[in-house]
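K.L.:
Number of protein chains: 2
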Amino acid sequence: MTARVLVVDDVEPNVRLLEAKLQHEYYTVITSNSGEEAILKALRDNPDVILLDVMMPGLDGFETCRRLKEDSATRHIPVVMVTALDQREDRIKGLAVGADDFLSKPIDDVTLFARVKSLARFKSSADELRLREAAGRRIGVIEGSLNRDLGLNARILVVEDDPRRAARLKKILDVEQRPMLMQDANDLGPMGQSTVELMIISASGVSFDGLRLAAHVRGQENSRNLPILAICEPDEKVRALRALEVGVNDFIYRPIDDEELLARTRTLVRRKRHLEHLRLMVDSSMELAVTDQLTGLHNRRYMESQLKGLLARAARGGPPVAVLIVDIDFFKRVNDLFGHDAGDDVIREFALRLASNFRPRDLACRYGGEEFVVIMPDTNAADATMIAERLRSSIEEGMFKVGAGRQVLDITCSVGVAIGHAGELDFEALLKRADEALYVAKRSGRNKVVAQAA
Amino acid sequence: MTARVLVVDDVEPNVRLLEAKLQHEYYTVITSNSGEEAILKALRDNPDVILLDVMMPGLDGFETCRRLKEDSATRHIPVVMVTALDQREDRIKGLAVGADDFLSKPIDDVTLFARVKSLARFKSSADELRLREAAGRRIGVIEGSLNRDLGLNARILVVEDDPRRAARLKKILDVEQRPMLMQDANDLGPMGQSTVELMIISASGVSFDGLRLAAHVRGQENSRNLPILAICEPDEKVRALRALEVGVNDFIYRPIDDEELLARTRTLVRRKRHLEHLRLMVDSSMELAVTDQLTGLHNRRYMESQLKGLLARAARGGPPVAVLIVDIDFFKRVNDLFGHDAGDDVIREFALRLASNFRPRDLACRYGGEEFVVIMPDTNAADATMIAERLRSSIEEGMFKVGAGRQVLDITCSVGVAIGHAGELDFEALLKRADEALYVAKRSGRNKVVAQAA
């Protein structure tokens, strides 16, 4: 794992020292001597990690961090604050402005590389999603700002077999999270349906091997994205680094500083929620591609892909598929007499009633304009016709109110019904037969259901 | 980096030995004693890497690998073939059935962990994309099988400062790739516009540090996803592993075996193309969400998001924006008299002519049914009206042929024009004004362009 690291410090020898250390480990280094310049370079060079000194004239580290985290163009870059040793106040202040991690001067090499590596790894896996999300945002399928989660109130599983230590962890976490204690790691079942958002594992458990447990959780399909925080003994530096190697996301040494534990916990929870949110945005932007914007029903594209699948299943001996094409009668008049907004109102209301008239397994789609298609799996002609007739009469009986004046319109619809032949795979031919039946319904006076000749 | 590894060998002690080694390094291990069982476990447990013995009764390793790589449900899992020492024939046969890598017995620990780690890392970054792609496939926005690229004919940049060695590499690669030699690594500019698909870097260059070069390439935004193959001296095992650490994807030892070099090259190229293909599929499935299925024009969703952006720009002092709403006259008659297919033909043909009548910077969208919207950035009322008039007359003059009989129809359209006010941000109000102008055009006889009153 290599990465580009932006080192920010007003004291030139400090910059040179960090640069030399990082370059020796094959990191690419960018440097800056002020907060102002750091913000410009973060924007321009998009580094993977920023090492930010706290004490600087002009913009100090806190203010620089706050600005980096406020700008959506730099918010995703992890920031490590570099503080003087044991400046607990600084840490708390840093967390308040959104810092991702801390290093104390004089900087210990092993800890430096561990932190940088871990943050760069996180950024690299987030980047793939972030790029997809940015693409969606550019074309307008993803809108609104990413919510800035505080990382609070998460369900946290704490695995610690020393009862006193476990109780103390719970007490600290209880302030702002929802911890659950587990003393026997063997109780850990599959994490499939779990709503746990973070695991805290004691690396010095007696009855279990914390690292093996972490590796196991990380290796399982269902818990692959679950963040893990390891708690290590102060003399176990090598083990802490090993923990990062096997997939632990962060670690903390005993004796535990309450503030530090809470801060690292919040950061891990926030990051997990951020990634999940990105995933959801990308997936739901794909959903948009099969959703009709006006009615929220599925669109023609989705209908066709599902109908293909159902016909293939029917051809392999599965149950028959019925298709209905539903068209609003004299819809053009609505637009002409009352305007497009009224026409849209009718279509939205019609879609709602259409959807409520079918069974959950049926698929109601907007086919285009004032035409809808309903796919009914496992349905014969008699049942399909009966359900279509029920729809027709409920539309005829209901009232449609449109426009600001809530003018009442009488709306009717015509329906064509067709059933997939045994072994039929051509969804277009099936839709065409339904369309022909619809045509007969229209020609014979509208407000009718017509099923194709068997 | 931990991972779940499926170990397949009919000789139980071999399985136990590998299991113990891997578990010691915190890998999760699944085992199997036959090819048949391995295929079932690959399907059920979705391991991250499969270590597959070549010599087995029943399904041997080659046949097992072939079946794993043929099934789209297991194809993405990297397979490492375990062969007897120096069985060059086996390697070539393994490559032919799609194996991703090789290990020779007796298995050297360092090489084992390096290979497993590298493949698990690849799979982990591919999985994020694969899951998005699978979601798209489920809802029908991604269709068709992933093409199975052979990894041939790639542009490969070979960085080697020993002229004899460089010439030999080129000669081997020339058989099926397109290598380019670079002797001075300092010539390497930014990889921005590059079409290079793979870099081969000599780790024992004299005039440059191969590992530093690899880290640099990996660290740059534009070459982050470029695969790198390192060529190492036979006694440089530690350096080879270090190379993997800094982001090299694979390495090969001198003296170079032609077949092995070609095979590793093909695999790296194939993987890169596969990932790019996945990225493209996910991005273009998002594109679908803003594309009208019938005409290929952008849809209402996209139009609205772009119009919002342009109005915001205009409000900040940018140029004015013109909006046209174009409606096909008497379109309902086409559907009623000639059927929906003819109606679709007219809409498709109309969309083509519409698009060809505007400038590249204008945005023509299908708004729904027989209505289109054209957004014209930086355009005043006079120009917009003139261009709309040119469209109207070109539609009136052209012929529309529909249906199998290529029946000729006379088609005309009406256009409403509106211009965004200074500082106007309400895109709906702007569209409404264009719609009102369209209504005037329709009421006054159709086949007309009407601009809103200024």
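Protein sequences, first through last, are from chains G and V. In this text, residue positions in the first sequence follow the working numbering: the first is 1, and each later residue adds one. In this text, residue positions in the second sequence follow the working numbering: the first is 1, and each later residue adds one. Ideal placement from N, C-alpha and C gives every residue a C-beta, glycine not left out.
Does DSSP classify A99/V as helix, strand or coil?
P.N.:
coil
K.L.:
Leaving aside the five residues before and after E197/G along the sequence, list all residues of the same chain whose C-beta is less than 8 Å from its C-beta, in chain order.
P.N.:
Contacts found: A154, R155, I156, L226, P227, V269, K272 and R273.
K.L.:
Leaving out five residues before and five after M399/G in sequence, what residues of the same chain have Cβ atoms less than 6 Å from its Cβ?
P.N.:
Within the same chain, V408 come within 6 Å of M399/G by CB-CB distance, once the 5 residues on both sides are set aside.
K.L.:
Based on the DSSP output, what are the partners of F427/G in its beta bridges?
P.N.:
In the DSSP output, where bridge partners are listed per residue, F427/G has none listed.
K.L.:
Using the rule of at least 16 other Cβ atoms within 10 Å of the residue's Cβ for burial, across every protein chain shown, is A422/G buried or exposed?
P.N.:
exposed
K.L.:
At what residue ranges does the stretch 74-153 of chain V contain a whole run of the alpha helix (DSSP H), taking only runs of 4 or more?
P.N.:
Counting only runs of at least 4 residues, the stretch 74-153 of chain V fully encloses the following alpha helix (DSSP H) elements, listed from N- to C-terminal order: 88-96 and 109-138.
K.L.:
Determine the burial state of V238/V: buried for a count of at least 16 other Cβ atoms within 10 Å of its Cβ, exposed for fewer.
P.N.:
exposed
K.L.:
For chain V, check one thing: does any of its Cβ atoms lie closer than 7 Å to the Cβ of A429/G?
P.N.:
It does not; no Cβ of chain V falls within 7 Å.
K.L.:
Compare the C-beta of G140/G with all C-beta atoms of chain V and state if any pair is closer than 7 Å.
P.N.:
yes
K.L.:
Counting only beta-carbon separations shorter than 7 Å, does Q293/G have a partner in chain V?
P.N.:
yes
K.L.:
Specify the secondary structure class of A451/G as computed by DSSP and reduced to three states.
P.N.:
Of the three classes helix, strand and coil, the one that applies to A451/G here is strand, per DSSP.
K.L.:
Assign T195/G to buried or exposed, taking buried as 16 or more other Cβ atoms, counted over all protein chains shown, within 10 Å of its Cβ.
P.N.:
exposed
K.L.:
Whole angstroms are fine: how far does the CA of S305/G sit from the CA of I92/V?
P.N.:
41 Å
K.L.:
Give the interface partners of K332/G over in chain B, defined as CB-CB distance under 8 Å, in chain order.
P.N.:
Among the protein chains of the structure shown, namely G and V, there is no chain B.
K.L.:
I need the boundaries of the beta strand (DSSP E) containing R366/V, first residue and last residue.
P.N.:
L363 to G368
K.L.:
With DSSP as the reference, label R446/V as helix, strand or coil.
P.N.:
coil
K.L.:
Might you give, ordered along the chain, the residues of its own chain that have their beta carbon closer than 7 Å to the beta carbon of A441/G, omitting 5 neighbours on each side?
P.N.:
S414, V415, G416, K448, V449 and V450
K.L.:
Going straight from the alpha carbon of L17/G to that of A38/V, what length do you get?
P.N.:
52 Å
K.L.:
Using a Cβ-Cβ cut-off of less than 9 Å, give me the residues of the stretch 245-269 of chain G that come near chain V, in sequence order.
P.N.:
E245, V246 and G247
K.L.:
Would you call the CB atoms of A243/V and A203/V closer than 7 Å?
P.N.:
Taking 7 Å as the Cβ cut-off, A243/V and A203/V qualify as a contacting pair.
K.L.:
For the alpha helix (DSSP H) that I395/G lies in, which residues bound it at each end?
P.N.:
A381 to E397
K.L.:
V334/G to V321/G, Cα distance in whole Å?
P.N.:
33 Å
K.L.:
Give a yes or no on whether the minimum CB-CB distance between E128/V and chain G is below 7 Å.
P.N.:
yes
K.L.:
To test your reading of the DSSP string, which unbroken alpha helix (DSSP H) runs of 4 or more residues are found completely within the stretch 31-55 of chain G?
P.N.:
35-45
K.L.:
At which residues does the beta strand (DSSP E) containing I156/G begin and terminate?
P.N.:
Unbroken beta strand (DSSP E) run through I156/G: R155 to V159.
K.L.:
Against chain V, does R132/G count as a neighbour if the rule is that its beta carbon must be under 7 Å from one of theirs?
P.N.:
yes
K.L.:
With contact counted as at least three CB pairs below 8 Å, one residue from each stretch, are the stretch 163-174 of chain G and the stretch 254-267 of chain G in contact?
P.N.:
yes
K.L.:
When DSSP builds the beta bridges, which residues end up paired with E371/V?
P.N.:
D327/V and G368/V
K.L.:
I'd like to check one pair, S32/G with V49/G: are the Cβ atoms closer than 7 Å?
P.N.:
The answer is no: Cβ separation not under 7 Å.
K.L.:
Determine contact between the stretch 364-373 of chain G and the stretch 292-304 of chain G, defined as no fewer than three beta-carbon pairs at a distance below 8 Å.
P.N.:
yes
K.L.:
What are the boundary residues of the beta strand (DSSP E) that includes F251/G?
P.N.:
D250 to Y253
K.L.:
Please return the same chain residues whose Cβ sits closer than 6 Å to the Cβ of L538/V, not counting the five positions on each side in sequence.
P.N.:
For residue 538/V there is no data in the structure shown, the boundaries of chain V being 1 and 454.
K.L.:
Hey, is M286/G's beta-carbon within less than 7 Å of any beta-carbon in chain V?
P.N.:
yes
K.L.:
Which term fits P319/G, buried or exposed, when burial requires 16 or more other beta carbons within 10 angstroms of its beta carbon?
P.N.:
exposed
K.L.:
Apart from the five residues just before and just after A42/G, which ones in its own chain have a Cβ nearer than 7 Å to its Cβ?
P.N.:
For A42/G, where only same-chain residues beyond five positions count, the Cβ hits under 7 Å are L6, I50, L68, T74 and I77.
K.L.:
Is it the case that the Cβ atoms of V402/G and A355/G are separated by a distance below 7 Å?
P.N.:
no
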